[in-house]
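Undergrad:
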Amino acid sequence: MAEHVIAEVESELAFHPMDQFIVKPLFGEGPVHWYTVTNVTFWMALTILCIYGLMVLGMRSRAMVPGRTQSISELAYGFIHKMVEDVAGKDGLHYFPYIMTLFLFIVFANFLGLLPMAFTTTSHIAVTAVLAMAVFLTVTLVGFYKHGLGFLGVFWISSAPLVLRPVLALIEVISYFVRPLSHSIRLAGNMMAGHAVIKVFAAFAAILAISPFSILAITAIYALEVLVAFIQAYVFAILTCVYLKDALHPHH
Amino acid sequence: MNGEITIAGPELIKMGAYIGAGLACTGMGGAAVGVGHVVGNFLSGALRNPSAAGGQTATMFIGIAFAEALGIFSFLVALLLMFAV
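Heads up: the sequence lines are chains Y and D, in that order.
Going by numbering that gives the first Met the number 0, the first sequence opens with residue 0, and the numbers climb by one from there.
Going by numbering that gives the first Met the number 0, the second sequence opens with residue 0, and the numbers climb by one from there.
See the structure below:
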């Protein structure tokens, strides 16, 4: 009897809000292998194509007075360049290409995911975890390469009283290893939550009495999501810079 | 049985998981307070000294990101309870 009640509650919505995150093979049916072309592969390829179009094709003319596409790519380049210089310092600029790549990939994946019927690749923790683990490994390796064992000084806060230092060291170690987790979950969680909220309101639009309110809410949340898509890419890039600064200057 | 509903075993676990998922959403309130606190303090500082505000927007976003991450963790807990338990 309880089963019957549960089944009735679940059929209330026209579709499930999490259905949009299902990874499907693009051609035919069947299980997803590592080599299967899925909707994730497709939208990632589209992301790369868009970046290529903006940064390579857009910059091809190299005009002194830039056109529209060239202005956008120059703006993006200057924006990230300034951010890396401000946050990670002058010697952080060696890693500017990496941070630029991360930012462009995430920002384009987020914006493409906002198109109707699109698939948001960054809403999957599997995708963002790879990006975050790459950042974590890079930063740790750079730290050990530049400072040797002196990099461990990042955990030993020499400005704190001596009694407190072991406790602080423990907290610092924990917070250091939680970084890839929070770094990846922040992006994936934000994208997933936003898109799920839009879908929940979209399902409410089928109910006549609240349909106008629901459509208004979708519009408002969509506008918020456009903002969030940019801010999350920016935050991902800026946190990479912060971690990089820690690796380059571990003594604080 | 005459209108009586018995809940046991996996259904009880499912029920507990859904209640827990709902309770996990209270964590969002904490994140909201945290983000509001960061932005509010940034704004009150920025209005006192507008010339220094431009250089500190990046710091504000870092603060927002750290405060928000913990709210996202509660969302993650809710998702785990809904789909993984």
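Heads up, the beta-carbon is just placed ideally off N, CA and C, and yes, glycines get one too.
Everything numeric in this text was worked out from a predicted model, so none of it was measured.
Within 10 angstroms of the Cβ of residue 80 (chain D), are there 16 or more other Cβ atoms? Answer buried if so, exposed if not.
TA: Here the question's residue 80 (chain D) lines up with position 81 in the second sequence. When all chains shown are included, residue 80 (chain D) counts as buried.
Undergrad: Residues of the segment 174-195 of chain Y in Cβ contact with chain D at a cutoff of 7 angstroms, in chain order, please.
TA: The segment 174-195 of chain Y vs chain D, Cβ under 7 angstroms: 181, 184, 185, 188, 189, 192.
Undergrad: Can you give the Cα-Cα distance for residue 230 (chain Y) and residue 189 (chain Y), rounded to whole angstroms?
TA: Reading the first sequence from its first residue, position 231 is the one you call residue 230 (chain Y). Reading the first sequence from its first residue, position 190 is the one you call residue 189 (chain Y). When rounded, the distance between both Cα atoms is 10 angstroms.
Undergrad: Is the Cβ of residue 11 (chain D) closer than 7 angstroms to any Cβ of chain Y?
TA: Locating residue 11 (chain D) in the second sequence gives position 12, counting from the first residue. Taking Cβ atoms only, chain Y never reaches closer than 7 angstroms to residue 11 (chain D), which makes this a no.
Undergrad: So is residue 224 (chain Y) buried or exposed if we call it buried at 16+ other beta carbons inside 10 Å?
TA: Within the first sequence, numbered from 1, the residue matching residue 224 (chain Y) stands at position 225. Buried is the call here.
Undergrad: Which residues does DSSP pair with residue 24 (chain Y) in a beta bridge?
TA: The count along the first sequence starts at 1 and reaches residue 24 (chain Y) at position 25. Looking at the DSSP assignment, residue 24 (chain Y) forms a beta bridge with Y:37.
Undergrad: Could you pull out every residue in the same chain whose Cβ sits closer than 7 angstroms to the Cβ of residue 8 (chain Y), ignoring the five residues on either side in sequence?
TA: As a working mapping, residue 8 (chain Y) is identified with position 9 in the first sequence. Because the pLDDT at residue 8 (chain Y) is just 48, under 50, the model does not fix this residue reliably, and the point stays unresolved.
Undergrad: Please return the same chain residues whose Cβ sits closer than 7 angstroms to the Cβ of residue 155 (chain Y), not counting the five positions on each side in sequence.
TA: Within the first sequence, residue 155 (chain Y) is the residue found at index 156, counting from 1. So the qualifying residues of the chain are 164, 168.
Undergrad: Starting from residue 41 (chain D), find everything on chain Y with Cβ-Cβ shorter than 8 angstroms and list it in chain order.
TA: Stepping through the second sequence from its first residue, residue 41 (chain D) is reached at position 42. What residue 41 (chain D) touches in chain Y: nothing, since even the nearest Cβ is about 15 angstroms away.
Undergrad: Roughly how far, in whole angstroms, is the beta-carbon of residue 138 (chain Y) from the beta-carbon of residue 34 (chain Y), given that I think they are within contact range, below 8 angstroms?
TA: Within the first sequence, residue 138 (chain Y) is the residue found at index 139, counting from 1. Within the first sequence, residue 34 (chain Y) is the residue found at index 35, counting from 1. Actually they do not touch by this definition, with Cβ atoms about 31 angstroms apart.
Undergrad: Rounded to whole angstroms, what is the Cα-Cα separation between residue 54 (chain D) and residue 48 (chain D)?
TA: As a working note, residue 54 (chain D) is residue 55 in the second sequence. As a working note, residue 48 (chain D) is residue 49 in the second sequence. Rounded to the nearest angstrom, the two C-alpha atoms are 11 angstroms apart.
Undergrad: State the start and end residues of the unbroken alpha helix (DSSP H) segment that holds residue 152 (chain Y).
TA: Position 153 of the first sequence, counted from the start, is the residue given in the question as residue 152 (chain Y). It is not in any alpha helix (DSSP H) - residue 152 (chain Y) carries neither H nor E in the DSSP assignment.
Undergrad: First and last residue of the alpha helix (DSSP H) that includes residue 224 (chain Y)?
TA: What you label residue 224 (chain Y) is simply residue 225 of the first sequence in a count that begins at 1. Residues 210-247.
Undergrad: In or out: residue 226 (chain Y) buried (at least 16 other Cβ within 10 Å) or exposed?
TA: Translated into the one-based positions of the first sequence, residue 226 (chain Y) becomes position 227. By the neighbour-count rule (16 or more Cβ atoms within 10 Å), residue 226 (chain Y) is not buried but exposed.
Undergrad: Over what stretch of residues does the alpha helix (DSSP H) that includes residue 120 (chain Y) continue unbroken?
TA: As a working mapping, residue 120 (chain Y) is identified with position 121 in the first sequence. No alpha helix (DSSP H) contains residue 120 (chain Y), which DSSP labels as neither H nor E.
Undergrad: Can you check whether the CB of residue 15 (chain Y) is closer than 7 angstroms to the CB of residue 119 (chain Y)?
TA: What you label residue 119 (chain Y) is simply residue 120 of the first sequence in a count that begins at 1. What you label residue 15 (chain Y) is simply residue 16 of the first sequence in a count that begins at 1. No, the pair does not count as a contact, with Cβ atoms beyond the cut-off.
Undergrad: Can you tell me the Cα-Cα spacing of residue 84 (chain D) and residue 7 (chain D), whole angstroms?
TA: Here residue 84 (chain D) is taken as the residue at index 85 of the second sequence, counted from 1. Here residue 7 (chain D) is taken as the residue at index 8 of the second sequence, counted from 1. Each residue's alpha carbon lies about 16 angstroms from the other.
Undergrad: If we ignore side chains and look at the alpha-carbon of each, how far apart do residue 27 (chain Y) and residue 39 (chain Y) end up?
TA: Residue 27 (chain Y) sits at position 28 when you count from the first residue of the first sequence. Residue 39 (chain Y) sits at position 40 when you count from the first residue of the first sequence. Going from the Cα of residue 27 (chain Y) to the Cα of residue 39 (chain Y) covers about 15 angstroms.
Undergrad: Assign residue 9 (chain D) to one of three DSSP states: helix, strand, or coil.
TA: Translated into positions along the second sequence, residue 9 (chain D) becomes position 10. The answer is helix: DSSP assigns residue 9 (chain D) an H, G or I state.
Undergrad: Count the other CB atoms, across all protein chains shown, that sit within 10 Å of the CB of residue 63 (chain Y); report buried if there are 16 or more and exposed otherwise.
TA: Along the first sequence, read from residue 1 onward, the residue named residue 63 (chain Y) stands at position 64. Exposed, by the Cβ-count rule.
Undergrad: Along the chain, where does the alpha helix (DSSP H) containing residue 84 (chain Y) start, and where does it finish?
TA: Within the first sequence, residue 84 (chain Y) is the residue found at index 85, counting from 1. Run containing residue 84 (chain Y): 67-87, per the alpha helix (DSSP H) assignment.
Undergrad: Can you tell me whether residue 74 (chain D) is buried or exposed, with buried defined as 16 or more other CB within 10 angstroms of its CB?
TA: The residue labelled residue 74 (chain D) in the question sits at position 75 within the second sequence. Buried.
Undergrad: Give the residues of chain D in contact with residue 134 (chain Y), contact being defined as C-beta atoms less than 9 angstroms apart.
TA: Counting from 1 along the first sequence, the entry for residue 134 (chain Y) is found at position 135. The premise fails here: residue 134 (chain Y) is roughly 14 angstroms from chain D at the closest Cβ pair, so nothing lies under 9 angstroms.
Undergrad: Pairing CB atoms from the segment 231-240 of chain Y with CB atoms from the segment 78-87 of chain Y, are three or more of them under 8 angstroms?
TA: With a cut-off of 8 angstroms, the segment 78-87 of chain Y and the segment 231-240 of chain Y count as touching, because enough Cβ pairs lie within range.
Undergrad: On the criterion of 16 or more Cβ atoms from any shown chain inside 10 Å, does residue 67 (chain D) qualify as buried, or is it exposed?
TA: Mapped onto the second sequence, residue 67 (chain D) falls at position 68. By the 10 Å Cβ count, residue 67 (chain D) comes out buried.
Undergrad: Does residue 18 (chain D) get closer than 7 angstroms to chain Y when you measure Cβ to Cβ?
TA: Indexing the second sequence from 1 puts residue 18 (chain D) at position 19. By this cut-off, residue 18 (chain D) is not an interface position.
Undergrad: Tell me the DSSP secondary structure of residue 183 (chain Y) in three-state form.
TA: Residue 183 (chain Y) sits at position 184 when you count from the first residue of the first sequence. Residue 183 (chain Y) falls in the helix class under three-state DSSP.
Undergrad: Does DSSP put residue 29 (chain D) in a helix, a strand or coil?
TA: Walking along the second sequence from the start, residue 29 (chain D) turns up at place 30. Note: residue 29 (chain D) maps to helix in three-state DSSP.
Undergrad: Tell me which residues share the same chain as residue 171 (chain Y) and place their Cβ nearer than 6 angstroms to its Cβ, disregarding the 5 neighbours each side in the sequence.
TA: The residue you call residue 171 (chain Y) lines up with position 172 of the first sequence. The answer, listed in chain order, is 154.
Undergrad: With 16 as the cutoff for other CB atoms within 10 Å, does residue 36 (chain D) come out buried or exposed?
TA: For the purposes of this step, residue 36 (chain D) is taken as the residue at position 37 of the second sequence. Exposed, since its Cβ has fewer than 16 Cβ neighbours within 10 Å.
Undergrad: Quick check on residue 104 (chain Y): does DSSP put it in helix, strand or coil?
TA: For the purposes of this step, residue 104 (chain Y) is identified with residue 105 of the first sequence, where counting begins at 1. Residue state, collapsed to three classes: helix.
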